[in-house]
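Peer 1: Can you keep this structure in mind? I'll have questions shortly.
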Amino acid sequence: MAAAKRIVIVGIPGVGKTSLVNTIVEKIKSSGKTVLVKSFGSAMLEEARRNGIRDRDVIRCLPTKEQENLQRTAAERIANEECDVIIIDTHAFISTTSGYYPGLPENILRILKPTNYISVSAKPEEIYNRRMNDPTRNRDLVTMNIIKQELDLQAAVISACSVVSGSPVKPIVNREGRLVEAANDVIRAIGL
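With this note's numbering applied, the sequence shown corresponds to residues -17 to 174, in that order.
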């Protein structure tokens, strides 16, 4: 059975993507469809652990070639999953020592074959506050200007992914206190 929908959801750290994905999953399950969420970063970390890496934030500091290999392996594993809806939770780009590296280069898109893209954003002030209050991750220090640049870059990268794959992209603003509204917008966009 091939997956009916492969939804790539991107968002820079602090947009509330994880909370949004959890709400979307609840809604899809309540409609009687099967749904699976695959975190692309976690899939890469599983492979990286085989090479002795224990911290997902270290992956982005690896040489580009090593990151490419981890991406390919993760994409191949995800592509073999079977479900009505597969949500691929990832980032449009990763900040590396070499600059911004695409989270979804063309070769990865060919493996994953996404049917839809969701680009999650929020107000820069909300993103900044969420990042500063997240003790669970080892984040780089950022400014409001960097957050705005990251939002612009995300929009550009995910638009390019849409063009390359021929699948639609839906921008979603995850406003503070309006999570259910954002989830409903996603459900409508993906046709469920």
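By construction, the Cβ of each residue, glycine as well, lies at the ideal position given by its N, Cα and C atoms. Note that this is a predicted model, so its numbers are computed, not measured.
Is threonine 5 helix, strand or coil by DSSP?
Peer 2: Residue state, collapsed to three classes: helix.
Peer 1: Going by beta carbon distance, what residues of the same chain come within less than 8 Å of serine 141, once the five residues before and after it are set aside?
Peer 2: Once the five neighbours on either side are set aside, the close Cβ partners of serine 141 are Val151.
Peer 1: Using C-beta distances below 7 Å, list every residue in its chain close to serine 21, excluding the 5 sequence neighbours before and after it, in chain order.
Peer 2: Around serine 21: Asp71.
Peer 1: From Val(-10), Pro(-5), Ile(-9), Arg(-12), pick the residue whose C-alpha is nearest to that of asparagine 182; which is it?
Peer 2: An answer regarding residue 182 cannot be provided, because it is not within the stretch -17 to 174 covered by the chain.
Peer 1: What is the rounded straight-line gap between the Cα of aspartate 39 and the Cα of proline 96?
Peer 2: Answer to the nearest angstrom: the Cα atoms are 25 Å apart.
Peer 1: If you compare alpha carbons, which of Val(-8), Lys(-13), Ile68, Ala(-14) is closest to aspartate 134?
Peer 2: Here the closest residue by C-alpha is Val(-8).
Peer 1: Please look up how many angstroms separate the CB atoms of glutamine 131 and phenylalanine 75, rounded, as I've assumed it's under 8 Å.
Peer 2: Not a contact, Cβ separation roughly 11 Å.
Peer 1: So is alanine 56 buried or exposed if we call it buried at 16+ other beta carbons inside 10 Å?
Peer 2: So alanine 56 counts as buried.
Peer 1: Is DSSP giving lysine -13 helix, strand or coil here?
Peer 2: It is a strand residue.
Peer 1: Counting only the same chain and skipping the five closest in sequence on each side, list residues whose C-beta sits under 6 Å from that of aspartate 66.
Peer 2: Same-chain partners within the cutoff: Ala(-14), Lys15, Thr16.
Peer 1: What is the DSSP secondary structure of threonine 79, counted as helix, strand or coil?
Peer 2: Here threonine 79 sits in coil by DSSP.
Peer 1: Straight-line CA distance for methionine -17 to asparagine 156?
Peer 2: Since pLDDT at methionine -17 reaches only 43, below the 50 mark, its modelled position is unreliable, and no value is offered.
Peer 1: Between His73, Ile69, Ala104, which lies nearest to isoleucine 172 when the distance is taken from Cα to Cα?
Peer 2: That would be Ile69, whose Cα lies nearest to the Cα of isoleucine 172.
Peer 1: Among all the DSSP beta bridges, which residues are the ones paired with valine 102?
Peer 2: DSSP, once it has assigned bridges, lists Gly(-7), Ile154 as partnering valine 102.
Peer 1: Starting from serine 21, follow its DSSP beta bridges and name the residues at the other end.
Peer 2: According to DSSP, which records beta bridges pairwise, serine 21 is partnered with Asp71.
Peer 1: Using the Cα positions of isoleucine 154 and isoleucine 129, report the straight-line distance between them to the nearest angstrom.
Peer 2: Those two C-alpha atoms are separated by around 17 Å.
Peer 1: Using a Cβ-Cβ cut-off of 7 Å (strictly less than) and excluding sequence neighbours within five positions of arginine 113, which residues of its own chain qualify?
Peer 2: Cβ neighbours of arginine 113 beyond the five flanking positions: Pro(-5), Gly(-4), Arg121, Val124.
Peer 1: Could you round the C-beta distance between alanine 164 and leucine 2 to whole angstroms and report it? I think they count as a contact, below 8 Å.
Peer 2: So it is a contact: roughly 6 Å between Cβ atoms.
Peer 1: Could you spell out where the alpha helix (DSSP H) holding lysine 95 opens and where it closes?
Peer 2: Counting along the chain, lysine 95 falls outside any alpha helix (DSSP H), and DSSP gives it neither H nor E.
Peer 1: Taking 7 Å as the limit between beta carbons, can you name the residues of its chain near valine 146, skipping five residues before and five after?
Peer 2: Excluding sequence neighbours, valine 146 sits near Glu88, Leu91.
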